[in-house]
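Read in order, the letters of the sequence shown correspond to residues 1 to 386 in the UniProt record's numbering.
Beta carbons are placed, not taken as given, at the ideal position from N, Cα and C, and that holds for glycine.
If you're wondering where the values come from, they're calculated on a predicted model, not measured in any experiment.
Here the structure is laid out as structure tokens; the discussion comes afterwards.
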Amino acid sequence: MAQSVSTNSSGTGSSETDAQDVEPDNSVPTNIDLVDDKLYLGNLAAACDIPLLEKYQISHILTIDSCPLPAKITHLPFVKTKFIQLCDIPREDILHHFEDTYEFLRKAVEDKDGRYALVHCYFGVSRSATIVLAYMMRKYEISLEDAQDRLKSRRSVIGPNYGFLSQLKLYEKMKFSIDKNNIFYKRFRLHVAADKVKSVKLLAPPFTDVIKKDPALHTVRPEPVVYRCKKCRRVLASASNLLTHREKKSPLWFDFQGEEDASEMGSPICAQMFFIEPITWMSNVAQSLQGKLHCPNQNCKSKLGSFSWVMGCVCPCGAKVQPAFYLVPSKVDRSTSVLNFTRTVVPQEFKRHGRVSRVTLGGIRTTGRTGRAQRNNLTKFPRGIG
């Protein structure tokens, strides 16, 4: 059964409270509900009410708000707190916090002392409800819809904003974990990063993970399909770096159903432009809103494509991609990467005439004119999309 309490906040303050701390509005009533085993969901007023915390044996407080709790709460000897700074706006990345908040709450409710955890934001409606929904989805392996029904039966005043709901749907699609290889998750992280780039004109440290490792320098288990500069053969991207889209359909990170419908209708994958993740060899993507992409080989520097964090790019097929990092197909080749192994190729006629000169190519040693022919064959590959 849901346990609920509603009282007027005492509003007691502290002169030593840090300037960034926040005290609840005295006009906002305290509300708190028992929504799961040893787990309460409430508002800021509840989290700041010391007698209430003692009455309901709260030992862990998870705060999702723009400001932390006042020192009078965080310094309580019987309470462990965790603060996540987050505004209640749809474009905020709350998905990023689902993993660590789950662990905080799991450890709290499994604590043998038998005490309880409280999750709260300012009103206890959107941000904190989103965290509790994600917790329930993972704990019980249930859909977002089932989690909402479960939570609303215990606390009717919940209402995550549409951006948070979309992130919860993505969490469900990823089977209640963060799958960094999921294309929708990749699009989501780039979308959030682009929003920050638009604000501060550069890529902030929390989002540098969207820039992927250079596959040319990644020697451990190299991917079999890569994209090379047509002029110098330098590896630029792997197949896993591709961010594909359907022809004439703009890719949106939250449009899961649209993607499924397009797939069922047989809508082809567009091959008119190679849209990829940002990669470390793209030297100016972290400091500029837009620019050109050139081959990182200092002896080549061929123009390969462009990027734009804010404006994006309209693909020749008509789809709008934003943000966009793309390679022009005529400038690159799709090829099979050379694996790390060594062998020696010595034609019999070369042995007879003593014409053996070894040349190493990506771990394959070849000889003489035959070696040159083999090197040419190894670097000529069909073009297309992987």
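>> Measuring CB atoms only, is the segment 58-78 touching the segment 106-116, in the sense that at least three cross pairs come out at less than 8 Å?
In response: yes
> How many Å lie between LEU168 and LEU95 at the Cα?
Replying inline: 7 Å
> Beta-carbon separation of ALA216 and TYR227 under 7 Å?
Replying inline: Inclusion of ALA216 and TYR227 in the CB contact set at 7 Å is not warranted, their separation being larger than that value.
> Hey, quick one: how far does the beta strand (DSSP E) through VAL35 stretch, first residue to last?
Replying inline: 30-36
>> Taking the alpha helix (DSSP H) that ALA204 belongs to, which residues open and close that run?
In response: ALA204 -> no alpha helix (DSSP H), and no H or E assigned at all.
>> So, at 6 Å on beta carbons, what are the nonlocal neighbours of SER308 in its own chain, with the 5 sequence-adjacent residues on each side left out?
In response: The residues are GLN290, ALA324.
> So, is GLU145 buried or exposed, given that buried needs 16 or more other C-beta atoms within 10 angstroms?
Replying inline: exposed
> Since PHE104 is in the alpha helix (DSSP H), which residue starts that stretch and which ends it?
Replying inline: 98-109
> From which residue to which residue does the beta strand (DSSP E) around LEU293 run?
Replying inline: Note, LEU293: beta strand (DSSP E), 290-294.
>> Distance check for PHE104 and ASP36, CA to CA, integer angstroms please.
In response: 15 Å
> By Cβ distance, which residues of its chain are closer than 7 Å to ILE64, with the 5 residues on each side in sequence left out?
Replying inline: ILE84, LEU86, CYS121, ARG127, SER128, ILE131
> Is the Cβ-Cβ distance between LEU62 and LYS38 less than 7 Å?
Replying inline: no
>> Am I right that CYS300 and LYS231 are in contact with their C-beta atoms under 8 Å? What's the rounded C-beta distance?
In response: 6 Å
>> Would ARG234 and CYS317 qualify as a contact pair, given that the criterion is a beta-carbon distance under 7 Å?
In response: no
>> Taking 6 Å as the limit between beta carbons, can you name the residues of its chain near ASN376, skipping five residues before and five after?
In response: Legend: pLDDT at ASN376 = 46, less than 50; position of this residue unreliable, value from coordinates given subsequently. Answer for ASN376: no residue qualifies.
>> Which residue marks the beginning of the beta strand (DSSP E) containing LEU39, and which one marks its end?
In response: 39-42
> DSSP state of PHE83, grouped into three classes?
Replying inline: strand
> How would you label GLN148, buried or exposed, when you count the other beta carbons within 10 angstroms and need 16 or more for buried?
Replying inline: GLN148 is buried by the Cβ-count criterion.
>> If the criterion is Cβ atoms closer than 7 Å, does the pair TRP253 and PHE207 meet it?
In response: no
>> If contact is defined by three or more beta carbon pairs under 8 Å, each pair taking one atom from either stretch, is the segment 168-180 in contact with the segment 240-249?
In response: no
>> Beta-carbon within less than 7 Å of TYR162's beta-carbon, same chain only, minus the 5 sequence neighbours each way: which residues are those?
In response: The answer, listed in chain order, is PRO90.
> If you run the structure through DSSP and keep just helix, strand and coil, what is GLY114?
Replying inline: GLY114 sits in coil when the DSSP states are folded into three classes, being neither helix nor strand.
> Which stretch, first to last residue, makes up the beta strand (DSSP E) that contains ARG130?
Replying inline: Looking at the sequence shown, residue 130 is not Arg but Thr. Counting along the chain, THR130 falls outside any beta strand (DSSP E), though it belongs to the alpha helix (DSSP H) covering 127-140.
> Applying the criterion that 16 or more other CB atoms from any shown protein chain within 10 Å of the CB defines a buried residue, is VAL157 buried or exposed?
Replying inline: exposed
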